[in-house]
Amino acid sequence: ASGGGKSRPSSCSESWVAYLLVSPTRSSLTGVARCGELERLVNWHNGKLENEKPPAQTALLRPWRLADFVEYDSQVLARAAAARVSGASGFRSRLACLRRSRDGEGVDGIVATAAELPLELALDALTYVEVEFSNPADQGLSRKVVALVDTGSNDCDLQGSVIDELRLPRARGKGSTLVETSANKLVQIPIFEVTVRLLGREATVLVSPVDEDYAAKGGAVTGEVQDDVDAEFDLPANSDEAVLGSGALAALGLLADCQSRRLLRDDDEEVRT
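Each position in the sequence shown, counted from 1, maps to that position plus 17 in the working numbering.
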């Protein structure tokens, strides 16, 4: 059998394939399956199969879609290819690695150690959590969103449409702040107050609109440019509804376990030990 793979065969229902799934967050999931099971696999991760619960780690990252797959002559070869893909970081790198494997690049050298991938290696993602945001003066105005945990940022960001929906009040004594954009422009960004609830904790923190809300006004902070991979899979420059920075985490008494992609309370047993 050849080590090379074949892309998107016309009839491959029983063939083994290495696949790559992608979500709007640019999270990716690689693995091995029968070609005829790919559609069912995607539906499983999207929670569309009755009485079959998908992994909790992939639920927050929905919706998933098939990015690409490569057919192989055996399950062992497909697992070897998926193992190689799992070693790449980021969706772009993983996609390129999978597509290169069509020519057998690097597969034969790791066949002997190829085994079924554990989810922690198959999944490449940042840390996301479900958070409840509400108006500090009217708790009836609340909304649950999926937020990116970004310990490298001190800020808490929220989509402008959600800020408007919750009618958040401007921050007292600090209604706006001046930031410099990637285009070296100074932009005045409004600052609001919001109540955050997560893991049984609650805190009122400052929040600003996510960058995409200022892109339309010519003042985006990030100024990301869509590339060919983004265009191929229709990935937005910023798909995050919210961002929880270190300041919000500190106010909530939460710690980020980035390796396990989760948050821990500061009074959790594993934190104290």
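Ideal Cβ placement from N, Cα and C applies to all residues, glycine included. Quick caveat, the model's predicted, so the values are computed rather than measured.
May I have the straight-line CA-CA distance separating residue i from residue j, to the nearest angstrom?
{"i": "V179", "j": "A97", "result": "44 Å"}
{"i": "G235", "j": "S103", "result": "Because the pLDDT at G235 is just 45, under 50, the model does not fix this residue reliably, and the value given afterwards should be weighed accordingly. Straight-line Cα distance between these residues: approximately 38 Å."}
{"i": "E286", "j": "R214", "result": "21 Å"}
{"i": "Q92", "j": "L280", "result": "36 Å"}
{"i": "R117", "j": "F108", "result": "14 Å"}
{"i": "A254", "j": "D274", "result": "26 Å"}
{"i": "N60", "j": "P80", "result": "9 Å"}
{"i": "A232", "j": "V224", "result": "For A232, the pLDDT reaches just 47, beneath the cut-off of 50, and the residue's location in the model is therefore unreliable, although a value from the coordinates is still provided. C-alpha separation (whole angstroms): 18 Å."}
{"i": "K191", "j": "E258", "result": "23 Å"}
{"i": "R184", "j": "H62", "result": "34 Å"}
{"i": "L55", "j": "L143", "result": "24 Å"}
{"i": "L38", "j": "T47", "result": "6 Å"}
{"i": "S27", "j": "T221", "result": "Because S27 sits at a pLDDT of 46, beneath the cut-off of 50, its placement in the model cannot be relied upon, and the point is left open."}
{"i": "L112", "j": "A248", "result": "14 Å"}
{"i": "V87", "j": "D181", "result": "45 Å"}
{"i": "G177", "j": "K161", "result": "15 Å"}
{"i": "E69", "j": "A76", "result": "13 Å"}
Given that a residue counts as buried once 16 or more other Cβ atoms are within 10 Å of its Cβ, and exposed if not, what is residue i?
{"i": "C173", "result": "buried"}
{"i": "D141", "result": "buried"}
{"i": "A132", "result": "exposed"}
{"i": "D283", "result": "exposed"}
{"i": "Q276", "result": "exposed"}
{"i": "P72", "result": "exposed"}
{"i": "S256", "result": "exposed"}
{"i": "Q74", "result": "buried"}
{"i": "Y145", "result": "buried"}
{"i": "R189", "result": "exposed"}
{"i": "A265", "result": "buried"}
In the structure shown, what three-state DSSP assignment does residue i receive?
{"i": "Q156", "result": "strand"}
{"i": "E88", "result": "strand"}
{"i": "L299", "result": "Here the chain covers residues 18 to 290 and nothing more, so residue 299 does not appear."}
{"i": "A100", "result": "helix"}
{"i": "E133", "result": "coil"}
{"i": "T47", "result": "strand"}
{"i": "V166", "result": "strand"}
{"i": "S30", "result": "coil"}
{"i": "S225", "result": "strand"}
{"i": "I180", "result": "helix"}
{"i": "C173", "result": "strand"}
{"i": "S277", "result": "coil"}
{"i": "A259", "result": "strand"}
{"i": "T75", "result": "helix"}
{"i": "A142", "result": "coil"}
{"i": "A188", "result": "coil"}
{"i": "S24", "result": "For S24, the pLDDT reaches just 49, beneath the cut-off of 50, and the residue's location in the model is therefore unreliable, leaving the point undetermined."}
{"i": "A113", "result": "helix"}
{"i": "A254", "result": "coil"}
Can you name, in chain order, every residue of its own chain whose Cβ lies under 7 Å from the Cβ of residue i, other than the five neighbours on each side?
{"i": "C114", "result": "R101, V102 and A105"}
{"i": "Y89", "result": "G22, W33, V34, A35, A95 and A98"}
{"i": "E137", "result": "none"}
{"i": "L252", "result": "P41 and R43"}
My guess is that residue i and residue j are in contact by the Cβ rule of under 8 Å, so how many angstroms apart are they, rounded?
{"i": "S159", "j": "E149", "result": "6 Å"}
{"i": "D211", "j": "P153", "result": "What sits at residue 211 in the sequence shown is Val, not Asp. So it is a contact: roughly 7 Å between Cβ atoms."}
{"i": "A95", "j": "V49", "result": "4 Å"}
{"i": "V260", "j": "A164", "result": "6 Å"}
{"i": "L78", "j": "S44", "result": "5 Å"}
{"i": "T14", "j": "S263", "result": "Given a span of 18 to 290 for the chain in the structure shown, any question on residue 14 remains unanswerable."}
{"i": "L175", "j": "V227", "result": "7 Å"}
Measure from the C-beta of residue i to each C-beta in chain C and report whether the shortest distance is under 8 Å.
{"i": "V93", "result": "Judged by its chain identifiers, the structure shown contains no chain C, having just a single protein chain."}
Spatial neighbours of residue i within its chain, please: C-beta separation below 6 Å, excluding the five flanking residues on both sides.
{"i": "L66", "result": "N60"}
{"i": "G53", "result": "S30"}
{"i": "V246", "result": "R109"}
{"i": "S40", "result": "L78 and W81"}
{"i": "R278", "result": "T144"}
{"i": "L216", "result": "R282"}
Might you give, ordered along the chain, the residues of its own chain that have their beta carbon closer than 8 Å to the beta carbon of residue i, omitting 5 neighbours on each side?
{"i": "R57", "result": "L66"}
{"i": "P293", "result": "Absent from the model: residue 293. The displayed extent of the chain is 18 to 290, so no value can be given."}
{"i": "S170", "result": "V260, G262 and S263"}
{"i": "Q156", "result": "T212"}
{"i": "F250", "result": "V39, R82 and A84"}
{"i": "R218", "result": "L269, G270, L271 and R282"}
{"i": "R51", "result": "S30, E31, S32, W33 and V34"}
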